[in-house]
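Number of protein chains: 2
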Amino acid sequence: MADVARLAGVSSQTVSRVSNGFPGVTEDTRRQVLAAMRELGYRPNSAARALKRGEFRTLGVITFSLSTMGNIRTLEAIATSAAQHGYAVTLLPVAVPTQDEVNGAFSRLGELAVDAVIVIMEIHLLDAATVSLPPGVQVVVADSDAGDRYTVVDTDQAGGARDAVRHLLDLGHDTVWHLAGPEGSFAAQRRANAWRDTLTAAGRVPPPLVRGDWSAESGYRAGLRLADEPDCTAVFAANDQMALGLLRALHERGLRVPGDISVIGFDDIPESASFLPPLTTIHQDFAEVGRLCVEGVLSKMRQDGEGHGTTLVPTRLVRRESTGVPGRDRRGEESRPPFLPDA
Amino acid sequence: MADVARLAGVSSQTVSRVSNGFPGVTEDTRRQVLAAMRELGYRPNSAARALKRGEFRTLGVITFSLSTMGNIRTLEAIATSAAQHGYAVTLLPVAVPTQDEVNGAFSRLGELAVDAVIVIMEIHLLDAATVSLPPGVQVVVADSDAGDRYTVVDTDQAGGARDAVRHLLDLGHDTVWHLAGPEGSFAAQRRANAWRDTLTAAGRVPPPLVRGDWSAESGYRAGLRLADEPDCTAVFAANDQMALGLLRALHERGLRVPGDISVIGFDDIPESASFLPPLTTIHQDFAEVGRLCVEGVLSKMRQDGEGHGTTLVPTRLVRRESTGVPGRDRRGEESRPPFLPDA
DNA sequence: CCAGTGGATGTTTACGTAAACATTGCCTAG
DNA sequence: CTAGGCAATGTTTACGTAAACATCCACTGG
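Top to bottom, those sequences are chains A and B. Residues 444 to 786 (the numbering used here) are what the first sequence spells out, left to right. Residues 444 to 786 (the numbering used here) are what the second sequence spells out, left to right.
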């Protein structure tokens, strides 16, 4: 900086003013300084800057190895949104979702150049961890509940699940089976609860819950079981991957979708439009979740925020070809090639 | 730090020594300092640290919005591997893959707290950009060629494509059609070139190349065309998503896979094991790519490295049920339900 | 008994920046 | 014509750390 000042014939403070876009600098002087900066290839040293300003302009994101598409989309939106606010994003990967690993990530965080943290994680792993949070570091949590203890931004899981169930009921199905996510997942739990509540509210009897683990493989196994349930005409899968496996199993058993069984997913991953048949599903707006995480954490930083609360991002039903009116009893009536989209 | 020193009854320098694990501190003193650190909740200030040391212990990763699964896996591996070396990872998202955006990312980079950069990007967007790289910032590129100008780590695209084609030829197919990725992509180009070369080397005539854009939707459209090619008994899709769309199109046209047409993909995304039928594909080791990127950039930093070169990460053929011996002429011969896995 | 040695610890300083305060010089109002 | 004010710019200082150097002290060997 001193070199630039010398070359431009000004003081280093003036260089600082120019590089930060502060007022009170003649247009002439500004130009000269900029020229000198270019000539010397000057780059402000961000370490010194952070030291002086007391902030890093950086957000940390803690997440399990980018396993699910939802986390990835959210992360992407966080990065983009942070960049728009002049913030960088530092990744804090947690290899395996154990309490130890999470604690480790949080303690590393203390020495990390980060002003605030966004956690994409189930809440129950967070409790013991946050005690070691450096004071003044704000936290926003995505993919969780517990809005009373943290600021939470999440997809409206319950609303989406409700829409999925209602869609199938509206089509005329007596009831809807549910292929749930793993027990440990709050998202899975909330979707399952909303599924049960919606059925009950509509005066239907919820069938036994079928448990998967988010993977297509687990959906396949569940599908083999469901294929043997003669009463099953409609399945709400807790995510699109499991729906994919489900479709494969039903297909192998010679069941038509949606002719014999309607299937609806959750997430709306890009591939789901190309499943066999294209999957009706609940679209999640991960970009919005990420954006709100950044807004939330920045606003908390500004007002040293105390207020916690949950922001829900609405979902949207995307109707494709895997859902239709009930008709399993018609099985075998027609001889059209199976799985041809009804449309 | 001064407070800790006072509480522990030592000098700040001794605190520094303890916090950096330097030798020359009595076990007694160390314990006292550590106790004081805990009591005061001391965290070393990473800005001051970076300022003093002249390095940030941080790697920047520039990539287009985490669009493809490959990039994500690579990023994940980079983050993990960097953490093991005591480095953090900062994300530099590029919204749209235009030269302007890339230049912007690189110029922001100059002010960013980053010691080195890993670029996950097609090379041709890099050329004009790197001129603005701060001196001393090393670069490693994934997903590209141009090993003569940069250090490059990439999947062995050509080797994988060759294995895919050979697998189908070995099964007895006369030739192999190719559903390629978009023209702008070097990965797509190299896979297509290797496909053509392998066929030529085997004395076969390469059929006309079919172009997609990586999406399942484009694979579907291509599939509708290929279904009308009576000579087509084997297709090598340049990625699994396009293979997915391809499978759907063939299915709609009543063609069995692999009975009538064999399909092989590239990438081995997790879902491909649950396609209809499960997809034979070329597995990419993104974790290894990411790891090598980190190793490469760190070693370049240590030796102020000049040497460029390309490191290729081998692929692996994953045989599932979408490939088999040729048999399109047998169409209609049997009445078994289509798409049941042959095994 | 003393010089010499080496380990443990303290003191000084500089890293690059920006806030706070100081100075300069020009313009305007009285 | 001059005091006062304000815009432009310069000077000083501190941010928290760690390298370099300085000091202290206990112990060893002659």
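For every residue, glycine included, the Cβ atom is placed at its ideal position computed from N, Cα and C.
Can you say whether valine 557 (chain B) is buried or exposed, counting buried as having 16 or more other CB atoms within 10 angstroms of its CB? buried
Closest to aspartate 710 (chain A) by CA distance: which of A:Gly697, A:Thr724, A:Gly702, A:Phe549 is it? A:Thr724
Under DSSP, the alpha helix (DSSP H) around aspartate 656 (chain A) begins and ends at which residues? No alpha helix (DSSP H) holds aspartate 656 (chain A); DSSP gives it neither H nor E.
What residues in its chain sit with their C-beta under 7 Å from that of aspartate 698 (chain A), if we drop five residues either side in the sequence? Before going further, note that residue 698 (chain A) is leucine rather than aspartate in the sequence given. The answer, listed in chain order, is Ala670, Ile704.
For aspartate 588 (chain B), report the span of its alpha helix (DSSP H) as first-last. Counting along the chain, aspartate 588 (chain B) falls outside any alpha helix (DSSP H), and DSSP gives it neither H nor E.
Could you name the residues of the region 520–536 of chain B whose beta carbon sits closer than 8 Å to any beta carbon of chain A, in the order they occur along the chain? Ala522, Thr523, Ala526, Ala531, Val532, Thr533, Leu534, Leu535, Pro536
Taking arginine 759 (chain A) as part of the alpha helix (DSSP H), name the residues at either end of that continuous run. That residue, arginine 759 (chain A), is in no alpha helix (DSSP H); its beta strand (DSSP E) goes 759–761.
Taking the straight line between their C-alpha atoms, what separation do you get for aspartate 509 (chain A) and aspartate 586 (chain A)? For the record, residue 509 (chain A) in the displayed sequence is leucine; it is not aspartate. C-alpha separation (whole angstroms): 13 Å.
Cβ shell of valine 595 (chain A) (< 6 Å), same chain only, five flanking positions each side left out: Val584, Ser587, Thr753
Just to confirm, are serine 462 (chain A) and phenylalanine 499 (chain B) a CB contact at a threshold of 9 Å? no
Return the chain-ordered list of same chain residues with a C-beta closer than 7 Å to the C-beta of leucine 483 (chain B), the five sequence neighbours on each side being excluded. Asp446, Val447, Leu450
Any chance the region 751–766 of chain B sits against the region 630–646 of chain B, with 3 or more Cβ pairs inside 8 Å? no
Any chain A beta carbon closer than 9 Å to arginine 654 (chain B): no
Given that a residue counts as buried once 16 or more other Cβ atoms are within 10 Å of its Cβ, and exposed if not, what is serine 454 (chain B)? exposed
Going by the CB atoms, is the gap between threonine 523 (chain B) and aspartate 728 (chain B) shorter than 9 Å? no
Would you verify that the beta carbon of arginine 734 (chain B) is, or is not, closer than 9 Å to some beta carbon of chain A? no
If I measure Cβ to Cβ from alanine 479 (chain B) and keep anything under 7 Å in the same chain, skipping five residues before and after, which residues do I get? Val447, Leu450, Ala451
I need the DSSP call for valine 706 (chain A), collapsed to helix, strand or coil. strand
Which of helix, strand or coil DSSP assigns to alanine 631 (chain B): helix
Count the other CB atoms, across all protein chains shown, that sit within 10 Å of the CB of arginine 492 (chain A); report buried if there are 16 or more and exposed otherwise. buried
Identify the continuous alpha helix (DSSP H) that holds phenylalanine 787 (chain A) and give its terminal residues. Outside the shown range of chain A, which is 444 to 786, sits residue 787 (chain A), and nothing can be said about it.
6 Å Cβ shell around threonine 506 (chain A) - same chain, five flanking residues per side excluded: Asn514, Ile563
Between B:Arg745, B:Gly702, B:Glu731, which has its C-alpha nearest proline 769 (chain B)'s C-alpha? B:Gly702
Alanine 607 (chain A) versus phenylalanine 629 (chain A) - alpha carbon distance: 18 Å
Where does the unbroken beta strand (DSSP E) through threonine 469 (chain A) begin, and where does it stop? Premise fails: threonine 469 (chain A) is in no beta strand (DSSP E) and is neither H nor E.
Contact with chain A by alanine 659 (chain B), beta-carbon distance below 9 Å: yes
If I measure Cβ to Cβ from leucine 611 (chain B) and keep anything under 8 Å in the same chain, skipping five residues before and after, which residues do I get? Val619, Ala677, Phe679, Ser705, Ile707, Thr766
Minimum C-alpha distance to proline 713 (chain A) - residue among B:Arg734, B:Arg474, B:Gly688, B:Ala692: B:Gly688
Between glutamate 695 (chain B) and cysteine 675 (chain B), what straight-line distance do the alpha-carbon atoms span, to the nearest angstrom? 16 Å
I'd like to know if threonine 618 (chain B) contacts chain A, where contact means its C-beta is closer than 9 Å to some C-beta of that chain. no
Closer than 8 Å: is that where the CB of tyrosine 530 (chain A) sits relative to any heavy atom of the ligand NAP? Ligands are entirely absent from the displayed structure, and the ligand NAP is therefore not among its contents.
Valine 476 (chain A) to arginine 734 (chain B) span [Cα, whole Å]: 42 Å
How big is the Cα-Cα spacing for alanine 601 (chain A) and arginine 634 (chain A)? 5 Å
Is the separation between the beta-carbon of glycine 655 (chain A) and that of glycine 624 (chain A) shorter than 9 Å? yes
Residues of chain B with CB under 8 Å from glycine 688 (chain A), in chain order? Ser717
Among B:Leu518, B:Val761, B:Val582, which has the Cα closest to the Cα of histidine 751 (chain B)? B:Val582
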